[in-house]
Amino acid sequence: MIIPLKQHIGAPCTPIVNIGDEVKRGQCIGEPNGLGAKIHASVSGKVVKITEEYIEIEGADLDNKDYMKIKKCDTIAETAYEAGIVGSGGAGFPTHIKLQSEIPDGYIIANCVECEPILNHNIRLLEENPEIVIKGVRYAMEATKAPKGYIAIKEKNKKAVESLRNAIGDKDDVEVKELRDMYPMGEERAIIYEIFGTWLEPTQLPIEAKCVVMNGETLANLTRAVEDLKPVIDKDITIGGKLKSGKESNVFFQMPIGTEINELIEQCGGIDGDFGEIIIGGPYTGKPGDMEKSVVTKTSGGAIVTIPLPEFDGPLGLLVCACGADETRLRDIAGKMKSEVVAVTKCKNLVEVRGINKCLTPGHCPGQVQGIMDLKKSGAKRVLISNCSDCTNTVMACAPKMGVGVYHHTDHIFRTVDHELSRRLPVEE
Numbered sequence: 001m002i003i004p005l006k007q008h009i010g011a012p013c014t015p016i017v018n019i020g021d022e023v024k025r026g027q028c029i030g031e032p033n034g035l036g037a038k039i040h041a042s043v044s045g046k047v048v049k050i051t052e053e054y055i056e057i058e059g060a061d062l063d064n065k066d067y068m069k070i071k072k073c074d075t076i077a078e079t080a081y082e083a084g085i086v087g088s089g090g091a092g093f094p095t096h097i098k099l100q101s102e103i104p105d106g107y108i109i110a111n112c113v114e115c116e117p118i119l120n121h122n123i124r125l126l127e128e129n130p131e132i133v134i135k136g137v138r139y140a141m142e143a144t145k146a147p148k149g150y151i152a153i154k155e156k157n158k159k160a161v162e163s164l165r166n167a168i169g170d171k172d173d174v175e176v177k178e179l180r181d182m183y184p185m186g187e188e189r190a191i192i193y194e195i196f197g198t199w200l201e202p203t204q205l206p207i208e209a210k211c212v213v214m215n216g217e218t219l220a221n222l223t224r225a226v227e228d229l230k231p232v233i234d235k236d237i238t239i240g241g242k243l244k245s246g247k248e249s250n251v252f253f254q255m256p257i258g259t260e261i262n263e264l265i266e267q268c269g270g271i272d273g274d275f276g277e278i279i280i281g282g283p284y285t286g287k288p289g290d291m292e293k294s295v296v297t298k299t300s301g302g303a304i305v306t307i308p309l310p311e312f313d314g315p316l317g318l319l320v321c322a323c324g325a326d327e328t329r330l331r332d333i334a335g336k337m338k339s340e341v342v343a344v345t346k347c348k349n350l351v352e353v354r355g356i357n358k359c360l361t362p363g364h365c366p367g368q369v370q371g372i373m374d375l376k377k378s379g380a381k382r383v384l385i386s387n388c389s390d391c392t393n394t395v396m397a398c399a400p401k402m403g404v405g406v407y408h409h410t411d412h413i414f415r416t417v418d419h420e421l422s423r424r425l426p427v428e429e
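Yeah, the sequence shown ends on 429 if you go by full-length UniProt numbering, and it's all consecutive.
Given below as structure tokens:
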């Protein structure tokens with residue numbers, strides 16, 4: 001079992017065990033250096049290898065679900081620190097830091113939007129155990145002194161919405177907010193805009209809107225830590241794509257961190273014939289992974305096995321959007337399609353913040369006509385785009401009229417599972 005030492009924003013943890021040590025499931029094996037979160041053994045066994053990147057545990061008893069409990073703490077934020085909780089749906093920001101904020105006139109927002117198609121373990125959790133997330137919202141409210149909590153979820157997830165509302169009952173401290181089915185509706189600034197009607201600048205954090213936004217699975221982990229003194233040693237994950245078990249997504253609840261992605265794929269019957277890529281993450285922001293080296297981490301969203309990519313040997317233009325694949329990923333796809341990249345342009349809403357692409361108003365497009373015209377003038381016969389739903393809608397409103405073909409970077413992923421391609425948005429009546 002390979003336990004990565006970096007599963008969070010910040011530097012890798014420092015190992016606090018030695019080769020030859022016997023460790024127990026739940027035992028702390030890595031301490032953070034500055035910004036970060038503790039790492040715990042997800043299985044019991046013997047430490048056989050330690051590198052700068054991971055700790056390897058051998059002789060693991062995978063059937064044993066018992067664990068060493070974390071120590072009891074005076075505050076909920078301290079409990080989150082001891083449990084090694086990080087954001088489960090993004091970059092892995094340490095949760096204890098968010099819980100140190102005091103917002104007596106603010107809000108806790110549970111991000112249960114799960115905006116990446118195909119991945120559905122968060123929604124399944126809400127359908128089957130909404131209480132664990134609702135409790136997490138209330139623990140976060142207690143920690144931050146926030147008087148109100150919201151659970152943001154797409155309106156299309158009717159069963160999960162019903163489960164949440166039934167579990168909340170007639171209490172008004174936590175409220176369900178149904179959002180439109182668009183990508184990237186799960187971006188935290190988009191959620192804040194949908195709830196409060198206020199845009200934060202790309203450089204601003206939710207706390208500047210008196211909000212703390214946390215992923216639904218993160219809040220479930222907070223409940224487990226507070227009530228069961230359980231560290232983050234297991235992860236919910238979705239496996240989908242070109243599998244012998246079929247095209248339906250497979251949800252695995254509470255898999256030990258360090259479990260090989262390949263092992264989960266095999267539990268789905270294995271890969272069905274020739275394939276293109278194995279995407280670690282979701283269709284929009286996931287990246288190709290090495291099946292032999294990829295393991296479940298605290299932030300793993302899923303793994304998707306795709307069909308082979310199509311070939312296009314003509315001149316190709318790239319349109320980069322902050323909400324999807326970056327230029328490096330688009331060039332990777334272009335290479336696999338055997339295309340010649342003749343030009344690159346960026347969405348007008350894309351700005352760079354601390355080396356990361358950010359959108360000025362995620363989900364609200366400024367229009368892409370000029371970008372498509374520029375790519376066509378550079379000789380592009382087709383464009384490869386990584387746009388959000390609204391931007392893609394504007395691309396499709398102009399590119400075909402200019403005689404420019406469109407390939408979205410998610411197309412081969414969506415075609416694998418017969419999912420509707422990202423193209424025009426439905427017209428509202």
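Heads up, the beta-carbon is just placed ideally off N, CA and C, and yes, glycines get one too.
Sequence-distant partners of Ser422 (beyond 5 residues in either direction) whose C-beta falls short of 6 Å from its own C-beta, in its chain, are Thr392, His408 and Thr410.
Residues of the same chain with a CB within less than 8 Å of the CB of Pro308, apart from the 5 flanking positions on each side, are Asp274, Phe275, Gly276 and His412 in chain order.
Within the segment 68-121, the complete beta strand (DSSP E) segments at least 3 residues long are 107-111, listed from N- to C-terminus.
Cβ contact annotation for Gly241 (same chain, cutoff 7 Å, sequence separation greater than five): Ile304, Val305, Thr306, Thr416 and Val417, in chain order. Contact annotation: Lys158 and Asp181 have beta-carbon atoms that are not nearer than 8 Å. Glu58 and Val295 have their alpha carbons spaced roughly 15 Å apart.
For Asp236, the three-state secondary structure derived from DSSP is strand.
Residue pairing by DSSP places Pro4 opposite Tyr54 in a beta bridge. Gln254 places its beta carbon less than 8 Å from that of Asp236. Under the three-pair Cβ rule at 8 Å, the segment 81-96 does not count as touching the segment 43-62.
Bounds of the alpha helix (DSSP H) holding Lys336 are Glu327 to Lys336. Here DSSP, grouped into helix, strand and coil, assigns Gly246 to strand. In the DSSP assignment, Asn357 is bridged to Glu352. Lys171 is positioned such that its CB atom lies no closer than 8 Å to that of Glu102. In the three-state scheme derived from DSSP, where H, G and I count as helix and E and B as strand, His364 is classed as coil.
About 6 Å separates the Cβ atoms of Ile85 and Ala225, confirming a contact at the 8 Å cut-off.
One Cα belongs to Val351, the other to Thr361, and the distance between them is close to 11 Å.
At the C-beta level, Ile76 and Tyr150 stay beyond 8 Å of one another. In terms of Cβ geometry, Ser386 and Cys321 form a close pair [threshold 8 Å].
In summary, Ile19 is exposed, with fewer than 16 beta-carbon neighbours lying within 10 Å of its beta-carbon over all protein chains present. Here Gly30 is not near Ala11, since their CB atoms are 8 Å or more apart. Per DSSP, Pro315 is one residue of the beta strand (DSSP E) stretching across Pro315 to Val320. Of all alpha-carbon atoms in Gly302, Arg331 and Gly363, the one lying nearest the alpha-carbon of Val383 is that of Arg331. Counted as a single uninterrupted DSSP element, the beta strand (DSSP E) harbouring Ile304 occupies residues Gly302 to Val305. Residue nearest to Ala167 within the set Tyr139, Leu205, Pro130 and Lys177 is Pro130 (criterion: CA-CA distance). Counting only residues of its own chain and dropping the five nearest sequence neighbours on each side, Pro231 has a CB closer than 6 Å to the CB of Gly26, His40, Ile70, Ala83 and Gly84.
In the pairwise beta carbon analysis, the segment 367-378 is classified as touching the segment 341-349: at least three pairs are separated by under 8 Å.
In this chain, the alpha helix (DSSP H) harbouring Leu164 covers Lys158 to Ile168.
Here Thr345 carries a strand assignment [DSSP, helix/strand/coil]. According to the DSSP assignment, His408 belongs to the beta strand (DSSP E) that extends over Gly405 to His408. Arg424 is the residue among Gly379, Arg424 and Ser378 whose C-alpha sits nearest the C-alpha of Cys398. Here Val137 carries a helix assignment [DSSP, helix/strand/coil].
Pro15 counts as buried, since no fewer than 16 other beta carbons sit within 10 angstroms of its beta carbon. As summarised for the segment 249-302, the continuous alpha helix (DSSP H) elements at least 4 residues long and confined to that stretch are 261-267, given in chain order.
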